[in-house]
DNA sequence: CGGATCGAC
DNA sequence: CTATGTCGATCCG
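In the UniProt record's numbering, the protein residues as written are 1 to 765.
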């Protein structure tokens, strides 16, 4: 194995990444129910590393035949910055450092990795060599290199005639502005389950404890690896056969979506208890489920109400999680989501970390933080920043002039906010109105027979129709997504005059788009609908409800410190008087295509003028209709809603800012009459009650949908459907006991009664 | 608006 | 001889 190279790369700041790799469960549920036999989990102690023509695998196996006792030691964390430059020019065909990292997978940087990450990485690269996947990665890598080249050139020419001190001064001005927006009033915790899938497996089969094993859907890749497996270099996202090469004794278990979903539910329910106003009246409103195994919780109110400190509160949360699920969680406590997330990894396995709320301490914390730790900064961005010598957040300040010069590409303002440790303090449930698209896609063995491709299109279309139906959306634009067998991706879209959602309409458009592309050799085909129309948007009945002057009055008052970003916080408050009481439909009423949907993307002013002298330009604020927004925002969760949203705190300089209103403080009018937008029933309850009901109602329809597809499409589809739910419906009631016991009428359906049942379900599993 | 890319889980 | 699916954001033309 090469060595000279090592010096250049060896200390890969391996720390971080995502614990779990997202997987779908589509494949694993193919064969009926998830593995859950009385017997041992479906382990596949496969054949020893098949010595392929490439004895690379064998080489890897050799290299790691005797890893530094897996359990014995935590990974040696050699803190050092990534170094992408290829200093190993001495060797014949050296693989590009960036490419190596790409091949290493998305989660390189995770905690608990083996020591010499570099060796593993390059061996993996060798093993991958020649595959289409490899070639594609190489191509992409080269594109990035090219972009960097251009960037550096631009920087140099610009710098030649730039007034550096002035650029720095303007950056400092922005810093001052941003600093003024700092909000330390909220205590936010990010709770992250420890190797979730793996831990769940250990619970089912205790004999797995301390053994190196991985959890994967099928033959492909591992979604997660146990800590002892990580000591061998195995990590999430890694191809199973490579993992086996690294760790011959690796055990591979399949995902058990039922359990994962139940466990997730149990955990989220616990968290919801801590996420509410001080009086506890709005339990769950201060929570943001960010995936099956993680969530943000605003514990400000809870701590105040119970007169306890944040750390104690979080200890309590974690203890409760463990007590009720026997699963451990890690957590980060900080004044905003970004920081909380970063902190939750700090003491990863079963630990917590509380960041100081002192601005200077926060800045010091950021100063040494590798840029890659920032949510939103991935492989490519890390590479770009590295090119301009920015590796830690502290480097952002040092090179602020460069960022100013390359603002168009590197976003100075956004980076400065990161440098300051600013982030969103908005913690609330995902609102269905913020959904932008609904889609379905499928990967398969490359095919080129038009008839076969057509079949795939039909399959995907059927799936999409089902999702649209279940979710209650239709869309104006249909996009066909293709991935060639070379991994090259492509997409084609077409907008219809009317929002579409039916199978026939979708298929027709899909076929049209597809026809134009054939012939093809495909490995993936997907269909997606955007420019959504919410079919469950408030109808006249509901509209009246929200038109209620009292509700409207809340609007302007409750404008909270918008997150970072907002060049001019001052007048942001004026021109508030627009309470879109009625009609959310004007939403797609299509008028100003600009105003709404495009609000974020199309600022009223040229987005390019954000460079140096960015003068705060008061823009006409873009208002989101609030009607149903508040309604749903207060809802505790979203069935089948997906996660992830603006990772980075800032947006352009346009203030389209997330009109994130604080929806809480509500009129807790106890008895009011509302009409459920889903089932149309009239309810006698307060807002919370209504929301709870809608919640239940939505999840119920999701379940019905699942059963329906079960009877119409056969068992495999049903299983898939359920799997999809477990994964997507982070907040939705799961099927099974939990779901069937949830009480619709109860104004607290999601809290008391139902919860106990759900937990019971988890324990029973 | 359509297309491509990045990032996240 | 591996590498999903689903979604949001952003940038470009």
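C-beta: ideal position from N, C-alpha, C; glycine also.
- When DSSP states are grouped into helix, strand and coil, residue 498 belongs to the strand group.
- In the assembly as shown, residue 538 is a buried residue. Its beta-carbon has 16 or more other beta-carbons within 10 Å.
- Taken in chain order, the complete beta strand (DSSP E) segments of 3 residues or longer contained in the segment 196 to 254 are 213 to 216, 222 to 225, 251 to 254.
- Around the CB of residue 397, 16 or more other CB atoms lie within 10 Å, so the residue is classed as buried.
- Contact check for residue 309 against residue 250 fails: the beta carbons are separated by 8 Å or more.
- In the DSSP assignment, residue 341 falls within the unbroken alpha helix (DSSP H) covering 337 to 344.
- In the structure shown, residue 146 falls within a helical segment according to DSSP collapsed to helix, strand and coil.
- The count of Cβ pairs closer than 8 Å, one atom from the segment 366 to 381 and one from the segment 415 to 428, reaches three, so the stretches are in contact.
- For residue 466, the enclosing alpha helix (DSSP H) starts and ends at 450 to 471.
- Residue 437 and residue 532 have their C-alpha atoms some 6 Å from each other.
- Between residue 439 and residue 527, the C-beta gap is smaller than 8 Å, which places the two residues in contact.
- Residue pairing by DSSP puts residue 352 in a beta bridge opposite 331.
- Between residue 384 and residue 148, the gap from beta carbon to beta carbon is short of 8 Å.
- Here residue 179 has 420 as same chain residues with Cβ atoms under 7 Å from its own Cβ, once five neighbours each way along the sequence are excluded.
- Here the alpha carbon of residue 498 sits roughly 24 Å from the alpha carbon of residue 517.
- Per DSSP, the continuous alpha helix (DSSP H) segment holding residue 314 begins and ends at 310 to 325.
- Rounded to the nearest whole angstrom, the C-alpha separation of residue 434 and residue 263 is 27 Å.
- At a Cβ-Cβ threshold of 8 Å, residue 189 and residue 216 do not count as neighbours.
- Taking each of 275, 454, 312, 201 in turn and checking the Cα distance to residue 302, the smallest one comes out for 275.
- In the displayed model, residue 287 falls within a strand according to three-state DSSP.
- In this structure, residue 492 places its C-beta atom within 8 Å of the C-beta atom of residue 480.
- Taking residue 428 as reference, the option from 285, 181, 476 with the minimal CA-CA separation is 285.
- By the neighbour-count criterion, in which 16 or more other beta carbons inside 10 Å mark a residue as buried, residue 365 falls on the buried side.
- In the DSSP assignment, residue 362 falls outside any beta strand (DSSP E) and within the unbroken alpha helix (DSSP H) covering 359 to 367.
- Taking all protein chains shown into account, residue 134 has 16 or more neighbouring C-beta atoms within 10 Å of its C-beta and is therefore buried.
- The continuous beta strand (DSSP E) containing residue 437 extends over residues 437 to 447.
- The Cβ atoms of residue 521 and residue 451 lie no closer than 8 Å to each other.
- Beta bridge pairing from DSSP links residue 534 with 473.
- In summary, residue 196 is buried, with 16 or more beta-carbon neighbours lying within 10 Å of its beta-carbon over all protein chains present.
- Residue state for residue 523 is assigned as strand, using DSSP reduced to three classes.
- The residues 188, 189, 190, 296, 332, 333, 334, in chain order, have a CB closer than 7 Å to that of residue 340 in the same chain once the five nearest residues on each side in sequence are set aside.
- Shown here for residue 300: same chain residues with a beta carbon closer than 6 Å to its own, the five before and five after excluded, namely 186, 187 in chain order.
- Spanning the alpha carbons of residue 294 and residue 193 requires a straight line of approximately 6 Å.
- Relative to residue 154, the option among 406, 474, 455 whose CA is nearest is 406.
- For residue 431, the secondary structure class from DSSP, reduced to helix, strand or coil, is coil.
- Here the alpha carbons of residue 346 and residue 172 stand approximately 30 Å from one another.
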